[in-house]
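Novice: Chains as they are written, first to last, in our numbering: chain A, 14 to 158; chain B, 14 to 158; chain C, 14 to 158; chain D, 14 to 158.
There are 4 protein chains.
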Amino acid sequence: MTPKERAQSVADHMWAADQASPWFGMELAEIDEGRAVLTLTVAAHHLNGHGICHGGVIFALADSAFAFACNSRNQSTVAQHNTITYISPAQPGDRLTASAREITLTGRSGLTDVTVTNQTGAVIAEFRGASRTLKGQVCSQEIET
Amino acid sequence: MTPKERAQSVADHMWAADQASPWFGMELAEIDEGRAVLTLTVAAHHLNGHGICHGGVIFALADSAFAFACNSRNQSTVAQHNTITYISPAQPGDRLTASAREITLTGRSGLTDVTVTNQTGAVIAEFRGASRTLKGQVCSQEIET
Amino acid sequence: MTPKERAQSVADHMWAADQASPWFGMELAEIDEGRAVLTLTVAAHHLNGHGICHGGVIFALADSAFAFACNSRNQSTVAQHNTITYISPAQPGDRLTASAREITLTGRSGLTDVTVTNQTGAVIAEFRGASRTLKGQVCSQEIET
Amino acid sequence: MTPKERAQSVADHMWAADQASPWFGMELAEIDEGRAVLTLTVAAHHLNGHGICHGGVIFALADSAFAFACNSRNQSTVAQHNTITYISPAQPGDRLTASAREITLTGRSGLTDVTVTNQTGAVIAEFRGASRTLKGQVCSQEIET
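(1) Check this for me: beta carbons of residue 119 of chain C and residue 50 of chain B, under 9 angstroms apart or not?
(2) Under 9 angstroms, do residue 31 of chain B and residue 84 of chain A count as touching if we go by C-beta distance?
(3) Going by beta-carbon coordinates alone, are residue 131 of chain B and residue 114 of chain B separated by less than 9 angstroms?
(4) Below 8 angstroms CB to CB, which residues in the same chain sit around residue 56 of chain B once its five sequence neighbours on both sides are set aside?
(5) I need the DSSP call for residue 175 of chain B, collapsed to helix, strand or coil.
(6) Report the residue from B/121, B/117, B/138 whose alpha carbon sits nearest the alpha carbon of residue 162 of chain C.
(7) On the criterion of 16 or more Cβ atoms from any shown chain inside 10 Å, does residue 153 of chain C qualify as buried, or is it exposed?
(8) Is the separation between the beta-carbon of residue 48 of chain A and that of residue 112 of chain A shorter than 9 angstroms?
(9) Specify, as a first and last residue, the run of the beta strand (DSSP E) that residue 127 of chain B falls within.
(10) Quick check: what's the CA-CA separation for residue 41 of chain C versus residue 52 of chain C?
(11) Which ranges does the beta strand (DSSP E) cover as unbroken runs of at least 3 residues, wholly within the segment 36-80 of chain A, from first to last along the chain?
(12) Opposite residue 138 of chain C in the DSSP bridges: which residues?
(13) Which same chain residues, not among the five before or five after residue 34 of chain B, have their C-beta less than 6 angstroms away from its C-beta?
(14) Establish whether the CB of residue 50 of chain B and some CB of chain A are separated by less than 9 angstroms.
(15) Please go through the same chain and pick out, in chain order, the residues whose beta-carbon is closer than 7 angstroms to the beta-carbon of residue 149 of chain A, but skip the five residues on each side of it.
(16) What does residue 113 of chain B touch in chain A if you count any residue whose Cβ is under 8 angstroms from its own?
(17) Shortest alpha-carbon distance to residue 100 of chain C belongs to which of C/92, C/66, C/91?
(18) Rounded to the nearest angstrom, how far is the Cβ of residue 146 of chain A from that of residue 143 of chain D, given a contact under 8 angstroms?
(19) Out of D/64, D/63, D/80, state which residue places its alpha-carbon closest to the alpha-carbon of residue 69 of chain C.
(20) Verify whether the separation of the beta carbon atoms of residue 96 of chain A and residue 110 of chain B is less than 9 angstroms.
(21) Quick check on DSSP: helix, strand or coil for residue 32 of chain B?
(22) Kindly give me the distance between the Cβ atoms of residue 140 of chain C and residue 82 of chain C, rounded to whole angstroms, as I take these residues to be in contact under 8 angstroms.
(23) Just grab the DSSP bridge partners of residue 91 of chain B for me.
(24) Could you say which of D/59, D/92, D/46 lies nearest to residue 20 of chain D if we only look at CA atoms?
(25) Using DSSP with H/G/I as helix, E/B as strand and the rest coil, what is residue 112 of chain C?
(26) Tell whether a beta-carbon distance below 9 angstroms holds between residue 44 of chain D and residue 73 of chain D.
(27) At a CB-CB cut-off below 9 angstroms, which residues of chain A make contact with residue 159 of chain C?
(28) Quick one: does residue 89 of chain C have its CB under 9 angstroms from some CB of chain A?
(29) Whose Cβ in chain D lies nearer than 9 angstroms to the Cβ of residue 65 of chain A?
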């Protein structure tokens with residue numbers, strides 16, 4: 014099994030157990046070791062009082078991409094400290110893409126950046142997540158590389 | 014009109030226009046100038062693949078509390094850079110409370126801290142949001158203090 | 014030995030070994046369990062190209078206050094992720110005070126806020142530091158409470 | 014004048030006025046539009062009570078690189094919210110390099126990432142800075158591209 018295949022197996026396992034990401038309207042588009050891409054189309058129920066996408070929805074999309082990237086080695090990994098910078102508002106109907114890539118992994122501590130763009134490629138937000146690996150695997154079945 | 018009455022009027026106006034916060038399951042519990050308290054009960058559709066509340070839901074709750082606090086002077090205000098530190102996981106059925114209080118406001122730049130606790134008072138997350146005031150009011154009707 | 018006495022013993026030990034904090038021009042003003050206050054007067058060599066105090070000097074002052082607060086239980090503790098928000102510039106001759114107070118400590122993870130003010134009480138910066146406790150003590154001598 | 018030549022002119026102007034960066038022991042190694050590289054060798058007076066480089070010194074190095082990158086278009090630009098994640102400690106004698114590159118610039122708001130490495134290429138810290146452009150130029154002389 015290649016690292017990418019293992020990442021795919023873990024992601025399939027996580028996705029099947031994840032009730033929130035589908036509820037938000039997310040789809041998992043790509044997965045690899047230390048990388049994940051998720052998408053979401055901004056719907057009416059995602060809009061805040063200014064008529065633009067609620068920042069929590071944009072954050073959640075980035076956070077799910079971060080989680081799929083962090084857990085891709087089949088080591089249970091959780092978020093510790095996440096930051097988001099809002100660059101441009103996301104409008105109703107926008108097709109958002111969150112691309113996560115791990116930038117460092119030292120011992121149990123990882124750092125993963127996620128860029129959220131819309132259908133024109135404009136940057137909506139930049140997210141940086143600091144993770145910590147726990148004991149235990151995401152997926153107990155044999156999926157070693 | 015007192016500052017608290019103005020904050021209530023702005024919040025009523027924002028809440029009526031906000032589709033996302035009710036969709037998440039939030040309720041607005043308290044409002045004052047530079048302060049807001051929102052609550053949410055963790056439901057099955059809020060759970061991630063680890064069976065605990067998705068970080069994006071916790072963030073969104075804090076982010077809404079932040080937004081209600083920031084806009085409480087009836088000046089349109091948006092988030093720029095928000096950070097969240099996860100302290101303890103939120104479990105299914107937990108009743109979460111996000112309490113926002115502005116800590117500084119200098120010119121157009123504000124800083125607001127939000128603590129998210131559960132029904133036992135345990136801290137679930139600490140959120141810090143940096144905001145910027147735009148031109149224009151949240152609510153055009155006359156609600157001056 | 015009270016918690017405050019232990020904090021003082023640890024701080025004395027740390028200060029004696031710390032070459033950077035005195036080099037910056039810092040002084041340790043107060044110490045208690047989970048709390049520390051440090052001061053620094055802005056000198057000519059602290060100024061950046063805009064003629065105001067270099068942000069790194071303000072950060073360093075807050076970071077030292079954070080470190081003294083974090084280590085006050087005599088458990089070796091290090092910074093993981095620190096954020097600073099600049100509120101007002103610090104001018105030459107300003108007397109800066111950094112007041113650190115631990116806001117959460119859960120297992121090995123702590124969160125400590127530091128407010129930097131000047132001699133008029135104006136807020137210069139707000140700092141938030143996330144720490145992690147390591148194995149080992151700061152000070153090996155017997156200083157149990 | 015090319016963008017790189019303008020960046021060099023602005024940097025020369027800033028460096029001549031900057032008392033803090035040389036005092037820290039920094040050197041300016043490279044400059045271009047939206048990019049800057051600074052270096053510093055960890056000296057005895059940079060060490061904290063654990064015998065490793067004080068986090069404020071690492072932050073200051075990254076912060077100076079950030080400032081040179083942000084101001085490279087000759088528009089006065091200041092830091093608003095900076096975050097640093099410490100990856101590995103920096104040891105006495107380490108030769109640190111901070112490489113800053115602007116990742117977004119939208120209106121007056123910019124985001125610049127800085128990676129600090131040592132002489133072996135190991136990552137010491139990751140810094141992310143959010144800036145805001147003010148009215149006015151860094152350097153009043155004619156240096157238009």
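A virtual CB, placed ideally from N, CA and C, is assigned to each residue, including glycine.
On a predicted model such as this, the values are computed, not experimentally measured, just so you know.
Specialist: Looking at the atomic coordinates:
(1) Against a cut-off of 9 angstroms, the Cβ pair of residue 50 of chain B and residue 119 of chain C comes out as no contact.
(2) Not in contact: residue 31 of chain B and residue 84 of chain A (Cβ atoms no closer than 9 angstroms).
(3) No, Cβ-Cβ distance for residue 131 of chain B and residue 114 of chain B is not below 9 angstroms.
(4) If you ignore the 5 residues before and after residue 56 of chain B, its C-beta comes within less than 8 angstroms of the C-beta of 38, 105, all in its own chain and listed in chain order.
(5) This structure leaves residue 175 of chain B out entirely; chain B is present only between 14 and 158.
(6) Only positions 14 to 158 of chain C appear in this structure, which leaves residue 162 of chain C out of reach.
(7) Classification of residue 153 of chain C: exposed, given that the 10 Å Cβ count is below 16.
(8) Yes, Cβ-Cβ distance for residue 48 of chain A and residue 112 of chain A is below 9 angstroms.
(9) Where residue 127 of chain B is concerned, the enclosing beta strand (DSSP E) starts and stops at 122-130.
(10) Roughly 7 angstroms between the two C-alpha positions.
(11) Within the segment 36-80 of chain A, the complete beta strand (DSSP E) runs of at least 3 residues are 40-45, 48-54.
(12) In DSSP, residue 138 of chain C forms a bridge with C/99, C/129.
(13) Within its own chain, the residues whose Cβ lies closer than 6 angstroms to the Cβ of residue 34 of chain B, once the five positions on either side in sequence are excluded, are 77, listed in chain order.
(14) By this cut-off, residue 50 of chain B is not an interface position.
(15) Contacts found: 89.
(16) Neighbours of residue 113 of chain B on chain A: none; closest Cβ ~13 angstroms, over 8 angstroms.
(17) Looking from the CA of residue 100 of chain C, the closest CA among C/92, C/66, C/91 belongs to C/66.
(18) Contact doesn't hold; Cβ gap of about 28 angstroms is too wide.
(19) When only C-alpha atoms are compared, the closest one is D/80.
(20) No, the Cβ-Cβ distance between residue 96 of chain A and residue 110 of chain B is not below 9 angstroms.
(21) It is coil, neither helix nor strand.
(22) The C-beta distance from residue 140 of chain C to residue 82 of chain C rounds to 11 angstroms, too long to fall under 8 angstroms, and the pair is not in contact.
(23) In DSSP, residue 91 of chain B forms a bridge with B/145.
(24) Among D/59, D/92, D/46, the Cα nearest to that of residue 20 of chain D is on D/46.
(25) In this structure, residue 112 of chain C counts as strand in the three-state DSSP scheme.
(26) For residue 44 of chain D and residue 73 of chain D, no; Cβs fall outside 9 angstroms.
(27) Since the first residue shown for chain C is 14 and the last is 158, residue 159 of chain C is missing from the structure and cannot be characterised.
(28) So, not an interface residue.
(29) Those within 9 angstroms of residue 65 of chain A in chain D number zero; the least Cβ separation is about 15 angstroms.
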